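See structure below.
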């Protein structure tokens, strides 16, 4: 033991007199604890300022009075990447929150995943663009109301050199056939999003099974996929809003547009409150009403004009889907 | 390459002008990861010490679990926490999904094995004679653990840095359980992902610069504390 005592000479008095063990060496530990305690305090301060109902007041021109306080302010909106990447919901949600007092939690994924959340009752309201899946969703009793909000269109984009020679083709199916015949690289979303569903439907309608040698599924959102296609000098199908919003960072040209089958229609769906006791049915109705409200529709029609010189979405509240196709 | 320079310039502009949104995002990053680190210290140091000092059946299994947990993929942690917090999940009634609390929970699960593992290693590498000597001097069990942890304080600060580093830089779990909601659950890493996928690379770089600066400052503070203890 003598040897050990020699190795740790200071130990004896530490054990013997624990009251004196507050050496400055402890300052380190104390400081770390103090630092983390300070964080805790920050957390309390921050959460009390972050959680309450109305967040930052919307920068609207009309000075609105204090927003009302709904009984259940938390509203989960499940929407698609195109509404986020285009920036539209960043504009609309603050206005909705200011008007109604709801606190929206927007969750963005492909339309397929967005509807899967609705189907499980994990979301209160959906803003999606996959009409075929939406009809199945409604028939399954997962939604109680589905209203047309707006549309834009899908476009074929690809390298300016256009090795498949589809530029100027007005028929989407002809373009698909040319792409398959020339076997140029084509990138698919591959994520069951609205865009993905439309693209798969076009291949089916054209009677083509894309070949793995030139057809690639990326599993990415639209903005990211555009960059992949651009880097690979490949073709893809995109909604026009995301393309315009990303035009500066990709080298892809619009090659095919205008076919009625390329219409991209957005609906707002209120999730059936019977799916879960936690669903905010009133909030869902308020959001759906807001999306088709004339004032909101006017905002949609103007959105993007300043930045892109053209609107990204066309408001359609009250119209029927059939009426849009003939436009 | 121009985008890198633009991003760095933009980072300084955002900081100099004190952009309230960026400040809030950076603060939330610090608070969420700081809280998660604090909680993981509270749980990880006792568990790590116990695993290092105690001998009981099944210890090896627990040690290997902790070691595996140190490399747990954040995205898997995020997925499991999300499923638990779903309305249809066992903890759905708590309304925690897409809140900072959910992010702290997920980050705690990521940081806890890191802290426990580092603590275990720190205590185990102490000279075994030290333990014998403390016992010989008549220390109580609590006094002994306390003294051993004191002797191991340098590697223990490394545990703090590793735990904090693991969670402040993590994006998969925060994205999944937080949802990257503006003003509520948007932290630096999730907003970098979101800005990059929107094509605003300059802003993404600017946020990255701020994140790196933040991580550096926290580690600098911890290192100063650690090395001051060393030179004394």
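Chains as they are written, first to last, in this note's numbering: chain A, 38 to 364; chain B, 619 to 850. A virtual CB, placed ideally from N, CA and C, is assigned to each residue, including glycine. None of these values were measured; they are calculated from a predicted model.
Query	Result
Hey, how far is the Cα of residue 225(A) from the Cα of residue 284(A)?	18 Å
Could you say if the segment 620 to 637 of chain B and the segment 773 to 790 of chain B meet the contact criterion of at least three C-beta pairs nearer than 8 Å?	no
Whole angstroms is fine: what's the gap from residue 635(B)'s alpha carbon to residue 641(B)'s?	10 Å
Output yes or no for whether 8 Å exceeds the beta carbon distance between residue 289(A) and residue 266(A).	yes
Flag residue 312(A) as yes when its Cβ comes closer than 7 Å to any non-hydrogen atom of the ligand NAD, and as no otherwise.	Among the components of this structure there are no ligands whatsoever, and the ligand NAD is therefore not found.
On the DSSP bridge assignment, give the partners of residue 206(A) in chain order.	Note: residue 206(A) sits in no beta bridge, so no partner.
With DSSP run on the structure shown, which of helix, strand or coil describes residue 236(A)?	helix
Output the distance between the C-alpha atoms of residue 242(A) and residue 806(B), rounded to the nearest integer angstrom.	44 Å
Alpha carbon to alpha carbon, how far is residue 759(B) from residue 749(B)? Give it in angstroms, no decimals.	11 Å
Quick one: Cα of residue 345(A) to Cα of residue 690(B), how far?	44 Å
DSSP three-state call for residue 184(A): helix, strand or coil?	strand
Compute the beta-carbon to beta-carbon distance between residue 680(B) and residue 669(B), rounded to the nearest angstrom, for a pair I have assumed lies under 8 Å.	6 Å
Between residue 710(B) and chain A, is the shortest Cβ-Cβ distance under 8 Å, so that the two count as touching?	yes
Go ahead and pull the three-state DSSP assignment for residue 805(B).	coil
Using alpha carbons as the reference points, say which of 297(A), 123(A), 272(A) and 104(A) lies closest to residue 198(A).	272(A)
Below 8 Å on the Cβ atoms is my contact criterion, and I expect residue 663(B) with residue 737(B) to pass it. Report the Cβ-Cβ distance as a whole number of Å.	5 Å
Measure from the alpha carbon of residue 287(A) to the alpha carbon of each residue in 308(A), 305(A), 278(A) and 263(A), then state which is nearest.	263(A)
Rounded to whole angstroms, what is the Cα-Cα separation between residue 161(A) and residue 208(A)?	38 Å
For the candidate residues 830(B), 621(B), 835(B) and 797(B), whose alpha-carbon lies nearest to that of residue 145(A)?	797(B)
Would you check if the distance between the CB atom of residue 221(A) and the CB atom of residue 200(A) is smaller than 8 Å?	yes
Of the choices 169(A), 281(A), 186(A) and 176(A), whose alpha-carbon is the least far from that of residue 236(A)?	169(A)
Look at residue 725(B) and residue 654(B) and say whether their C-beta atoms are less than 8 Å apart.	yes
Helix, strand or coil, according to DSSP, for residue 345(A) in the structure here?	helix
Within the same chain, show all residues whose beta-carbon is closer than 8 Å to that of residue 85(A), passing over the 5 residues directly before and after it, in chain order.	Legend: pLDDT at residue 85(A) = 40, less than 50; position of this residue unreliable, no value from coordinates given.
Out of curiosity, what's the CA-to-CA distance linking residue 307(A) and residue 117(A)?	15 Å
Quick check on the burial criterion: 16 or more other C-beta atoms within 10 angstroms. Buried or exposed for residue 355(A)?	exposed
Starting from the beta carbon of residue 834(B), find every residue of chain A whose beta carbon is closer than 9 Å, and list them in chain order.	None at all; the shortest Cβ gap to chain A is about 15 Å.
Kindly indicate if chain A contains any beta-carbon less than 8 Å away from that of residue 797(B).	yes
For residue 360(A), count neighbouring C-beta atoms within 10 Å of its own C-beta (all shown protein chains included) and say buried if the count is 16 or more, exposed if not.	exposed
If residue 141(A) and residue 135(A) are in contact, beta carbons under 8 Å, what's the gap, nearest whole angstrom?	11 Å between Cβ atoms; not a contact.
For the segment 696 to 705 of chain B against the segment 752 to 766 of chain B, do three or more pairs of beta-carbon atoms, one drawn from each stretch, fall closer than 8 Å, so that the two count as touching?	no
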